[in-house]
Amino acid sequence: MKKIRFSIVGTGAISESAHIPSLLAIPEAIIDNICDIDNEKLNYTSNKFSISKKFSDYKDAINSDIDAVIIATDAPAHAEIALYAIKKNIPVFMEKPITVSVEDAKNVYLASKKKNILVMVGYQLRHMANHKKIKQYVDNEEIGNIYNLHIRAETLVIKPDETLLIDYGTHFFDLVRFYVDKKINSVYCDFISNENQEQIGASTVIKFQNCNYQVVVETYWVPDFNWSDVDRSVTFLGEHGKMSTKMSIPEITLLKTKSIRDKKIGPRTFMPKEASNVYMSMGDYAYQKQLEIFIDALINNKNVSSDAYSGLMALKIANAALNSAKNNTVIKDIEDDI
Amino acid sequence: MISNYISTVNSNYENLIQKSLEDILNSEVIGKKSRVVVLVDFSAGHRSLESGVMVDPNLIFNIIDKINKKFNPKNVYIGASENNFDLNDLFERLGYYSYAKLNRNVEIINFSKTEEVKYLNESNKSVLKIASIPELLALSDYVVLFSTLKRNVYERYSGCSYSLANFLLNPSFKEDALAFSKDTIYDLYEYAKPGLSILDARYSLEKLGPIQGDVKKTDFILIGTNPLIVDKHACNIIGEKIEKVIHLKKLIKKYKLPEVENKNFVTLKNINRVEYFFFRVSKLFKKIKLYMRNISTLFYLATLAIVSIGGRDLLAGRWMSFSGYYKIIKTILFKLEEDGNLLEWKITINKHVKEETLS
């Protein structure tokens, strides 16, 4: 069995809680080294997971004998590290967002395309069983023609360097692209601010070419809530009913207006088999699943769905939404300048 | 909608079916793009195919033809879930595949080999309690349920509502769910909610076991929009008190059935019956088999007790955990409830010797 040797650049919370445990659980993966500019974090992670090889410079980490690199640093540093890895012909798995600047993201995408190096961005929602199932149902017209896709997501935390839309919203912009899978026509966004002029919410309306339905993504920052109270859901409204699911709870609720059963009893709720056989949290499962997909793509020379282009597009939608809200305009043709 | 029943003695079979389906065929309950799921009950007599009854395939085809003619749904899936028999072989032998070849929208499905989902509902959110059902059921627009009539030690009466358990895909879960708790039946009733329930009780099955049994002529078919009303009515026909059929009693209490007029049932006579008798072993052989089984059960229980309690622990005066005791009790109860068990030993043998009729 071929093994992939990984370097993990950035040993913060996401590496500690998701990437390193996931790699340790995947038989085809070997963690060769870890890297961080923060020595305290580096030593802590090294001791916790007994990883002896450690670097403080990402170039040393990438130049050691590895097959792939995971970039889990703060988002502004993603592009520089990714471009260096691509230059050294090392495939890259990077945490979302791809980076915070559209220009940098474009450079990463173009460099990976030019050198044909695999770059995958960690948008794990598209690998979750419930979202995959709902996409299948939409494609099979289970509820007829779709009228509306509505995503509502609340969060307690936003990274200081990033905004609500770039840090958090990109998850759902990527999920929207996963569901609709068409060229974007226009983006319009409106902000909601509190008394201190802090952005606490954003409503983004996205329209796709050759797509009759409207997509609305609402993101809210609710720092005073508990995680158990936040609402993160996806709802499709269709000609013959509606379907909804949660972001991290893999239940699907389906209402079919043509069904006598549903008229009498109400919607039915069920869980896809893939989700029900998982004995870990759905979030952990999704993190591991995306790394399995990345490793499978490396071993079998496959493409991945959440590639550098997807990462770039999620960022471009977030950027377009920011510009739209600032200037109160509809932003069009955001895919044309690539 | 109030249920209809086949209600005429000595009448033409075709007309009876047509009459019983009048209300359904005159309403727009099934859309043109809809997905109809038809559940067939093979449970009676399936374990060893020694003996048994099944729903008459021609009755199924007849009713699907009528639904097709009136509504022309996009898909009709006729299916059953696997147990200890070769489902494909049964479908082949009973003509299901031939029927599907003649009807483009009809597909014969082994539910156990299709995508499965876990059902969830308000009363059953626990991960331990969720059960696998076919994804087709979760996506269905209309469910048609065919059932046979059985009486056994588990249930004094088992018909349409109990046959909903055939949607469960995990055999061990199904066994547990039916033996220890009837919640699953209530949940399935709520989840599947058949639009049409047919009890083909021209021949019925009676024995101690849940599936094998002696075939009895009962000579009736009931068709209704509500499986509970059909079951309630069937109980009336065979002289069983609903109060004594636990799952039915609870279901009826929970879902508050509309009142049904008593005149709506009579037995069928002089129609072309379809019987499915399989090879049946002699009564002497059955007797020997039961003796052997009882002896092996005794050994099994004794070994289980010694192994579970543990000689060393017993001598050392140590106690097992509660779950240990629970496991032993559960296993012993299960053994005792099996067909031909120790408690029912005499009764079992008598039943084989003595011919009895239902009710």
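Chains as they are written, first to last, in my numbering: chain A, 1342 to 1679; chain B, 18 to 376. Built from N, CA and C at the ideal position, the CB exists for glycine as well.
Minimum C-alpha distance to residue i - residue among the options
{"i": "residue 1356 of chain A", "options": "A/1390, A/1476, A/1508", "result": "A/1390"}
{"i": "residue 1594 of chain A", "options": "B/152, B/176, B/211, B/321", "result": "B/152"}
{"i": "residue 1676 of chain A", "options": "A/1666, A/1669, A/1653, A/1670", "result": "A/1653"}
{"i": "residue 132 of chain B", "options": "B/155, B/120, B/264, B/270", "result": "B/155"}
{"i": "residue 1406 of chain A", "options": "A/1393, A/1373, A/1667, A/1587", "result": "A/1373"}
{"i": "residue 207 of chain B", "options": "B/254, B/127, B/268, B/40", "result": "B/268"}
{"i": "residue 1667 of chain A", "options": "A/1435, A/1544, A/1633", "result": "A/1544"}
{"i": "residue 81 of chain B", "options": "B/100, B/121, B/104, B/243", "result": "B/121"}
{"i": "residue 265 of chain B", "options": "B/217, B/310, B/255, B/178", "result": "B/178"}
{"i": "residue 1344 of chain A", "options": "A/1366, A/1353, A/1455, A/1576", "result": "A/1366"}
{"i": "residue 125 of chain B", "options": "B/240, B/102, B/54, B/86", "result": "B/54"}
{"i": "residue 79 of chain B", "options": "B/255, B/44, B/161, B/256", "result": "B/161"}
{"i": "residue 1573 of chain A", "options": "A/1495, A/1663, A/1442", "result": "A/1495"}
{"i": "residue 91 of chain B", "options": "B/51, B/115, B/75, B/77", "result": "B/51"}
{"i": "residue 203 of chain B", "options": "B/272, B/252, B/251", "result": "B/272"}
{"i": "residue 1474 of chain A", "options": "A/1414, A/1611, A/1641", "result": "A/1611"}
{"i": "residue 1498 of chain A", "options": "A/1566, A/1607, A/1396", "result": "A/1566"}
{"i": "residue 1591 of chain A", "options": "A/1662, A/1614, A/1531, A/1427", "result": "A/1614"}
{"i": "residue 1671 of chain A", "options": "A/1375, A/1515, A/1587, A/1547", "result": "A/1547"}
{"i": "residue 1364 of chain A", "options": "A/1392, A/1420, A/1388", "result": "A/1392"}
{"i": "residue 1605 of chain A", "options": "B/176, B/159, B/233", "result": "B/159"}
{"i": "residue 73 of chain B", "options": "B/218, B/123, B/250", "result": "B/218"}
Run of the beta strand (DSSP E) containing residue i, from where it starts to where it stops
{"i": "residue 1530 of chain A", "result": "1525-1534"}
{"i": "residue 135 of chain B", "result": "133-137"}
{"i": "residue 1511 of chain A", "result": "Segment 1511-1521 is the alpha helix (DSSP H) holding residue 1511 of chain A; no beta strand (DSSP E) there."}
{"i": "residue 1467 of chain A", "result": "No beta strand (DSSP E) holds residue 1467 of chain A; DSSP gives it neither H nor E."}
{"i": "residue 1436 of chain A", "result": "1433-1436"}
{"i": "residue 38 of chain B", "result": "It is not in any beta strand (DSSP E) - residue 38 of chain B carries neither H nor E in the DSSP assignment."}
{"i": "residue 1574 of chain A", "result": "1573-1579"}
{"i": "residue 218 of chain B", "result": "213-223"}
{"i": "residue 1494 of chain A", "result": "1487-1496"}
{"i": "residue 1289 of chain A", "result": "Residue 1289 of chain A is absent from the model: chain A starts at 1342 and stops at 1679."}
{"i": "residue 239 of chain B", "result": "231-241"}
{"i": "residue 1676 of chain A", "result": "No beta strand (DSSP E) holds residue 1676 of chain A; DSSP gives it neither H nor E."}
{"i": "residue 149 of chain B", "result": "149-151"}
{"i": "residue 124 of chain B", "result": "123-127"}
Distance between beta carbons of residue j and residue i, contact taken as under 8 Å
{"i": "residue 97 of chain B", "j": "residue 57 of chain B", "result": "5 Å"}
{"i": "residue 1529 of chain A", "j": "residue 1665 of chain A", "result": "5 Å"}
{"i": "residue 1378 of chain A", "j": "residue 1347 of chain A", "result": "Incorrect: roughly 19 Å between the Cβ atoms, too far for contact."}
{"i": "residue 71 of chain B", "j": "residue 59 of chain B", "result": "6 Å"}
{"i": "residue 1510 of chain A", "j": "residue 1560 of chain A", "result": "5 Å"}
{"i": "residue 150 of chain B", "j": "residue 184 of chain B", "result": "5 Å"}
{"i": "residue 1492 of chain A", "j": "residue 1571 of chain A", "result": "About 13 Å separates the two Cβ atoms, so there is no contact after all."}
{"i": "residue 1649 of chain A", "j": "residue 1450 of chain A", "result": "4 Å"}
{"i": "residue 1385 of chain A", "j": "residue 1422 of chain A", "result": "Residue 1385 of chain A to residue 1422 of chain A, Cβ: 21 Å. No contact."}
{"i": "residue 1589 of chain A", "j": "residue 1462 of chain A", "result": "With 8 Å as the limit, residue 1589 of chain A and residue 1462 of chain A do not qualify as a contact, their Cβ atoms being about 19 Å apart."}
{"i": "residue 242 of chain B", "j": "residue 212 of chain B", "result": "6 Å"}
{"i": "residue 1446 of chain A", "j": "residue 1420 of chain A", "result": "7 Å"}
{"i": "residue 1411 of chain A", "j": "residue 1349 of chain A", "result": "5 Å"}
Limits of the alpha helix (DSSP H) - the one that residue i falls within
{"i": "residue 49 of chain B", "result": "Element bounds for residue 49 of chain B: n/a, residue is neither H nor E."}
{"i": "residue 102 of chain B", "result": "Residue 102 of chain B -> no alpha helix (DSSP H), and no H or E assigned at all."}
{"i": "residue 1445 of chain A", "result": "1443-1456"}
{"i": "residue 1538 of chain A", "result": "It is not in any alpha helix (DSSP H) - residue 1538 of chain A carries neither H nor E in the DSSP assignment."}
{"i": "residue 1714 of chain A", "result": "Past the edges of chain A, shown from 1342 to 1679, lies residue 1714 of chain A, and the structure says nothing about it."}
{"i": "residue 75 of chain B", "result": "74-88"}
{"i": "residue 247 of chain B", "result": "244-255"}
{"i": "residue 1584 of chain A", "result": "Per DSSP, residue 1584 of chain A belongs to no alpha helix (DSSP H); it is in the beta strand (DSSP E), 1582-1587."}
{"i": "residue 1602 of chain A", "result": "1601-1606"}
{"i": "residue 1654 of chain A", "result": "1649-1668"}
{"i": "residue 162 of chain B", "result": "Careful: residue 162 of chain B lies outside any alpha helix (DSSP H), inside the beta strand (DSSP E) at 159-164."}
{"i": "residue 1332 of chain A", "result": "In the structure displayed, chain A extends from 1342 to 1679; residue 1332 of chain A sits before or after that span and is not available."}
Task: Given 8 Å, three or more beta-carbon pairs between the region 210-224 of chain B and the region 151-171 of chain B - done: yes
- [ ] For the region 1351-1408 of chain A, list the alpha helix (DSSP H) runs that are entirely contained and at least 4 residues long, ordered along the chain.
- [x] 1361-1366, 1380-1390, 1399-1404
Task: Segment contact flag, the region 1528-1543 of chain A with the region 1555-1572 of chain A, C-beta cutoff 8 Å, min 3 pairs - done: yes
TODO: Spell out a yes or no on whether the region 1482-1492 of chain A and the region 1549-1556 of chain A are touching, meaning 3 or more CB-CB pairs, one atom from each, closer than 8 Å.
DONE: yes
Open item on the list: Tell me whether the region 1508-1524 of chain A and the region 1458-1475 of chain A touch, counting them as touching only if at least three CB pairs, one residue from each stretch, are closer than 8 Å.
Closed with: yes
Task: contact_flag[the region 1619-1638 of chain A, the region 1594-1603 of chain A] where n(CB pairs < 8 Å) is 3 or more - done: no
Open item on the list: With three or more C-beta pairs closer than 8 Å as the rule, is the region 1619-1629 of chain A touching the region 1413-1431 of chain A?
Closed with: no
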